[in-house]
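Protein chains in written order, with the working numbering: chain W, 1 to 445; chain U, 446 to 891; chain H, 892 to 1189. Even glycine gets a Cβ: it sits at the ideal position worked out from N, Cα and C. In this text the structure is predicted, and so the values were computed from the model without any measurement. Shown next, in C-alpha cells, is the structure this report addresses.
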Amino acid sequence: MAASPDATGTRPANVLRKAVVIGGNRIPFARANGAYTQASNQDMLTAALDGLVARFGLQDERIGEVAAGAVLKHSRDFNLTREAVIGSALSPETPAYDLQQACATGLETVVGLANKIKLGQIDSAIAGGVDSASDAPIAVSEGLRAVLLELHRAKTVQQKLTTLAKLRPKDLAPNAPDTAEPRTGLSMGEHQALTTAAWNVTREAQDELSLASHRNLAAAYERGFFDDLMTPYRGLAKDSNLRADTTLEKLAKLQPVFGKNLGAEATMTAGNSTPLTDGASAVLIGSEEYARSNDLPVLAEVVDSEAAAVDFVHGKEGLLMAPAYAVPRLLARQGLTFADFDFFEIHEAFAGTVLCHMAAWESEEFCRNKLGLQKPLGAIDRTRLNVNGSSLATGHPFAATGGRLVATLAKMLREKTDAESRPTRGLISVCAAGGMGVVAILEAN
Amino acid sequence: MADRYLDLVNAGPVKSLAKKLGLPQPAVLRRYRPGAPVLPGPVLVLGSGSGADVLAKELLGWDLDVRRHVAPKERLGGIVLVLDELAAPEELADPMLTAGSSLRDLAPGGRIVTISRPATGTGQPAQAAARQAVDGALRSLAHELRGGATGNGIVLGEGVDAGAPAVLGALRFLLSGRSAYVNGQFLLVGSGVASLPANPDRPLAGKVAVVTGAARGIGAAIAETLHRDGARIIAVDVPAAGEQLAQVANRIGATALQLDITAADAGAKIAAHAAERNHGLDIVVHNAGITRDKLLANMDQAKWDSVIAVNLASQLRMNEQLLASGVLREAPRVVSLASTSGIAGNRGQTNYAASKAGIIGMVRASAAAFADAGGSINAVAPGFIETAMTARMPFVTREVARRLSSLQQGGRPLDVAEAVSFLASDAAGGINGQTLRVCGQSMVGA
Amino acid sequence: MSEVILGEMPTLSRLYLTAASTAARHKLGVGQQADQLPAVRHTVDGVHIAPERVSGFQQLMHGTVRDTLPSVFLHSVAFPVVMSVMTRPDFPLPLLGMVHLANRVNHLRPVHFAEPLTVTAWAEGLRGHHAGTQVELHTRIEAGGETVWEGVSDYLAKAVYLPGLDKALRPERTDFIPPQPTARWRLGPEAGREYAGVSGDFNPIHLSAVSAKMLGLKRSIAHGMYLASRVLTSVEATASEPFAWRIDFAAPVFLPATVAVRIHDTERDGSWEASEFTGWGERSHRLHFTGSVNTLAG
C-alpha cells in the first residue's frame, strides 16, 4: 500500500488501475432568482461538498484532490474550489483546483480526476461543479476598466486627472454576462434553433421529450431515487424546475422563445429548453482499493471518455453538435454499439439538442459524410434514455450538470447490475458552449 | 429555547426576591461533564445488610468518599439507601429518617438512590407492603428535594444482587450528572448480562449506533451524545431534513443516511448501510417522530395514520427487519422514544399518545426477543423538553409545563440523550423492556 | 498623371472642414466646379503605425490583438490620403453626403505594424449612376518596396449629374429573402463614434444622431468599413494573406441596430477558399450588405 504514511497515491504509474464512482451528492437545482438567490457559487459548492462528506463520513479526511468549476465565475473566485474545500468539513489539507470547460466542466472534472486515479497519482477525489445565474458576476464596462487600470499606472496627479477625464457616462453602465457565443453574438438557444430547424425536428417531438423528462424525474423522486444523491439546501428539497403535472397540452400552449427571426418555424419554447438555474454537485471517486479499505460502496467504473469540438462559427456545424462526433469516436475506440448500453444520459440543454444528436446518428448521410461510417450508428432505445429525467426537468446549472449525470447514471447501473446480476454499461453525453462536447462511458459489474 | 426565568432567578437580586415572594426557584441542574466526579461530595450509604456493604465497597472504587454513618454538618454528594432486605414496613423508618436528617446537608445537584426489591403478588404481604412503601416514600422525597437534587430508585429483579454489574451500571447513571432530569423514577434491573465500561467516559467505545430523526432537536442531541460516549453514528432522517442532517453528521464524524423510515424497506436499508460502512450494528435509537395534534372530535384519518405510521408502525417493522438482517452484533440494544403523553395522555394528542403508549407496549413485548439476541430494548419517555417544537407552544402553556415538575424547569435534549446513551450501553444490560421517564418528575402522569 | 508627395499624413478633421467650406461655397455658387477627375496621385511616405492604435482597432472588432495589421485597418490608415484627393479644389464631386457603394481590396501579404508604409491614392472611373455620379478611389499601400495592399472604393455623389456622363439605368430590384444567420451583431448608438475613435474617420454621419441629421439622415449610421471589418475579423483565423475581399453596401445601418449576418465558408482540397457574407436587419429583413473574401494563394 502506501509508500509512506503521507503518500497521496499508492501505485506506480506504469500499471493502470480502475477508477470508480463511489457516490454523489447535489443540492436540489433552483430556477434562477429563486431559493438560492442569496447563495454564491462558493456557498453552494460548499453545501454540495458537505452533503457528500456527511453521506460518506469523510469528515476531516484528506482527499487526494478536489476539482470543480463554475461557468459564470466572479474574479474573486479565482480559487473557488479550494476555498469551498477550506469551508467544508473535509480536511483543510485537501488540495483542489478549478476547471472550466463550459457546460462540460462537471464531466471533465470526473474524467480528469479518474485519470489521475487510474495512474496511481491519487487514491480518492471529489469532482464537481457549481453555477449561479442569480449571483452572476457583473463586470465594469471595458471603458471604465481601461480607465481604472490606467489610473492605477498613473504616477502624477496630473496624469490621474487626465486619465479620469477620459471617463464617459456610458462607461459607468456595468456589463452583465449573457449566454451569447462571443464569436457569433447568437445565444445558445438561437444556435440550437438553427440546428433544430436544419434537422427538421418538430415542436411535438421536443415537447414529448420534455414531458418525458419531467415525468421521469417526478417518478424518480417518488420512489426515493434521489434520497442518497441529494442534500436539501435553503429549504429546497426538490429541483424547483420540476413540473410533475405538466402535459403535452400545457407545453403546446407555450410561445416560442428562440429562433423567431430565423426564417424557419420557431419551435423552441421555455418548456422544451432549460431555464437559467442555480445549483451544485459533487461526485466521490476513488480506486477500488480506496473504496474497499474505507468501507465505501462502488457504484460504477469510469471507463473512458472523449471530447470533440465542431466548427460552428460560420455555421459549418451546429453549436451543440459536438457530442454527435464524440460518441462515435468513443464507441469506435471501445468497439461498442448502442445495443451494448443499458442507459443513455444525454444532457438536455434543449430538447432539440438531444433529438438532433439522435437524428444525426440515425442519418445515413451524416454518418457517411461527417463521420466517415459505412452505415448509420442507428437509433437509441428511448426506454433507456434519461430514464430518471434530465436537464429539462432538473434545470441546468452549467458546471453542476456533469456531476448530476455521473452520480445518477452510476447509481442506475449499480441498481441494474444488482437486480439482474450482470454487468451494465451507460453512456453520458454533454454538449457545451464553444461548439464542444464531452462524452463518457461508465460500467458496473 | 432559553429558559429566561431559570437564568434570572439564579442571578443576584432577583434570586432573593423570588425566594421572598415564594416564586418557583428552579436550580441549574448538575449535568455530566466528561472527567467530572460521579458526585459533588461524599456519598452516604445507608442500610445494614450485606448489599449495603458490597455497594459501599464498590463506590469506594469510583473515587468517592463513602460514609456509612451520618457525620453532622458534612456536605453530602449523595445518599444511597440500600433497602433490598426489607421484610416489614417498620424497617423503613430508620433509613428514611436517617436520610431525612441529612437532607439539609445535601449539596446542590445531590442524588438520593434507593435500592429495593419489587412488590410482587406472590411474596409475604408484609414484605410486599414494605417494598411498595419504598415507592411512595421515594417519590415524595423527590418532590421535597431542592437545588437540582434528585431521588430515584433501583428495583432489583429476581435473583439480582445489589452488587451485580447491572445494578452498579444503573447506580452510576443515577448518581452521575447523566441523570440530571431523571427524578422520582424506578429502574427495574433484571438478570440480563451487563458489563461496566473500561473507561466510564467512553461507555460506547467501539459501538455502531443508528439514530433516526437525527437532524435536529432531541435526535441531534442523542447522536452527539452517543458520539461523545464513543459510538460511531449513522444519522438518519427524512430526505427533506438532509441539510441539517448533514450538519449534524459532519459535526460528529457520522454518516448521513437520508431515509423515510415509513418505507417498507427502511430497516433493510439501515442494515445494508451499517453492514457496508460499519461491518455491523450495535445500537438502534428510534427517535424519529411526528405530532399531528387535533382533538379527536376533529381528527381525520390522515393525521391519525401518519402519526401511527411514523411513531410506531415503522419501529415495529424496522425492529423485525434488523433482527432478521444479521447485521446486529452481540448485545444489540434498541432504545425507543416514548413520551409522558403516552403515559398520562394529553388533550389533543390521542393519535400521538396512542403511538407513544404503543412504544411502551412494544418494548415490553420485544424484550424477550432482544434478550434472546443477547441484547435489550427499552424506551425513554421525555417530559417537557426545551426544543424548537416546545418553543412554538403558547407562552403561558409553556411556562406552566416548565414549572409543572419537581425540578420546576423543562429538560434539555441532552438530558434525554443521556438516558438513551445509558440504556444503549452495556452497563444497562440488566434493564430490558422498561420505559424510563426523563421528565424532572413531572406531575403529568405521575 | 502627376505625383504629389505630401510631407505628412493629412489631418482628417481639417479635410472635413475643407470639404464643408467647399460645399458651402458651391452652394453659394462660388468657385468653379470641375467636371473631370484630377489626374494626380497623392503619396505619403514613411507612415508609422502606433501599436496602441492597432490594438484599439482589433479590440473594437472583437478580434485578437496581433502584430499584423487588419485589412480594414490599413484602409483607415490610407483614408486621409484618399480624402486629400477628394477634397482637392479640382475634385468634381462634393465629398460631404457622398455614399459609399462598395469596396474591393487585395491584401497581398501580412503587414507588421512596425513596417513603414507608403500610401498612394488617386481617383479614376468617373461614370454615371442611376442616382447620380459614381467614382472610384484607388489606394495602394507599399512596404519594403512592394505593394502589400491595394483597394478600390466606389462612391456615389447623389443627385449630381456631370455633363458628358450618361445616366445609368436603375438595376432591377430583387426581393431579399434572409438566409439562416450565423451571427448577430448588436450595434449600440455609440458604434459609429467608437469606430471613429479607432479609425480616425470622424465623418459626422457616423458620430451621432444630431450630427447625422444636420446632413439629412434620420439617425447616425454604422460605418461601412466597420461592418466590413467585423466580417473580416470573423474570418481572420482561417483567411490568411494573400486574399481579396469585397463588400457591396445595399442600405445603411441606422444605429442602434441588430444586424443578422451569414458567413458561409467554402473549402477546396480541405483548405479555406472563400467566405461569402450577407448582412441584413434582423427584424426589418432589409439587406444591408453582401460580399466575399477569397484566397489569392495558389
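Alpha-carbon to alpha-carbon, residue j and residue i
i	j	result
Gly-1019 of chain H	Phe-1140 of chain H	18 Å
Val-1039 of chain H	Thr-934 of chain H	15 Å
Gln-879 of chain U	Ile-27 of chain W	42 Å
Ile-122 of chain W	Tyr-290 of chain W	10 Å
Glu-190 of chain W	Pro-961 of chain H	29 Å
Val-483 of chain U	Leu-620 of chain U	6 Å
Thr-424 of chain W	Gln-689 of chain U	35 Å
Asp-227 of chain W	Pro-1069 of chain H	51 Å
Thr-785 of chain U	Cys-884 of chain U	8 Å
Thr-269 of chain W	Thr-955 of chain H	35 Å
Leu-99 of chain W	Thr-1169 of chain H	38 Å
Met-888 of chain U	Leu-849 of chain U	6 Å
Arg-995 of chain H	Phe-970 of chain H	14 Å
Cys-431 of chain W	Thr-1073 of chain H	19 Å
Glu-503 of chain U	Gln-766 of chain U	40 Å
CB contact check: residue i to chain W, cutoff 9 Å
i	result
Pro-961 of chain H	no
Thr-1169 of chain H	no
Thr-700 of chain U	yes
Asn-695 of chain U	yes
His-953 of chain H	yes
Val-1126 of chain H	yes
Trp-1040 of chain H	no
Glu-943 of chain H	no
Short Cβ contact (9 Å threshold) for residue i with residue j
i	j	result
Ala-351 of chain W	Ser-213 of chain W	yes
Val-600 of chain U	Val-634 of chain U	yes
Leu-1053 of chain H	Val-1043 of chain H	no
Ala-102 of chain W	Phe-312 of chain W	no
Ile-663 of chain U	Ile-715 of chain U	no
Ala-47 of chain W	Ala-280 of chain W	yes
Arg-576 of chain U	Gly-568 of chain U	yes
Val-1051 of chain H	Ala-1012 of chain H	no
Gly-1091 of chain H	Phe-1180 of chain H	no
Option nearest residue i by Cα separation, candidates the options
i	options	result
Pro-929 of chain H	H:Gln-949, H:Ser-967, H:Val-976	H:Val-976
Leu-299 of chain W	W:Ala-266, W:Leu-284, W:Gly-87	W:Leu-284
Gln-493 of chain U	U:Thr-543, U:Ala-720, U:Phe-618	According to the sequence as given, residue 493 of chain U is Ser; it is not Gln. It is U:Thr-543 whose Cα lies nearest to the Cα of Ser-493 of chain U.
Thr-81 of chain W	W:Asp-60, W:Ile-126, W:Leu-119, W:Val-111	W:Ile-126
Ser-870 of chain U	U:Ala-776, U:Lys-801, U:Ala-668, U:Gly-554	U:Ala-776
Val-865 of chain U	U:Leu-740, U:Ile-728, U:Ser-811	U:Ile-728
Gly-1079 of chain H	H:Leu-1098, H:Thr-1073, H:Pro-1072, H:Phe-1093	H:Leu-1098
Val-525 of chain U	U:Val-779, U:Val-490, U:Ala-552	U:Val-490
9 Å Cβ cutoff, residue i in contact with chain U
i	result
Phe-350 of chain W	no
Tyr-233 of chain W	yes
Gly-224 of chain W	yes
Leu-373 of chain W	no
Leu-296 of chain W	yes
Gly-51 of chain W	yes
Asp-278 of chain W	no
Closer than 7 Å at the beta carbon, the chain A residues around residue i
i	result
Gln-1025 of chain H	This model lacks chain A altogether, as its protein chains are W, U and H.
Interface flag, residue i vs chain H, CB-CB below 9 Å
i	result
Arg-145 of chain W	no
Glu-443 of chain W	no
Leu-186 of chain W	yes
Cβ-heavy atom distance, residue i to the ligand HEM, below 8 Å
i	result
Val-579 of chain U	Only the bare structure without any ligand can be found here, which leaves the ligand HEM out of the picture.
Quiz item: Taking Cβ-Cβ distances below 7 Å as the criterion, which residues of the segment 237-271 of chain W are in contact with chain H?
Solution: Asn-261, Leu-262, Gly-263
Practice problem: Quick one: which residues of the segment 660-687 of chain U get their C-beta closer than 7 Å to a C-beta of chain W? List them in chain order. | Solution: Pro-684, Ala-685, Gly-687
Exercise. Output, in sequence order along the chain, the residues in the segment 54-75 of chain W whose CB is closer than 8 Å to any CB in chain U.
Key: Ala-54, Arg-55, Phe-56, Gly-57, Gln-59, Asp-60
Practice problem: Give the residues from the segment 86-107 of chain W that approach chain U closer than 9 Å (Cβ to any Cβ), ordered along the chain. | Solution: Ser-88, Ala-89
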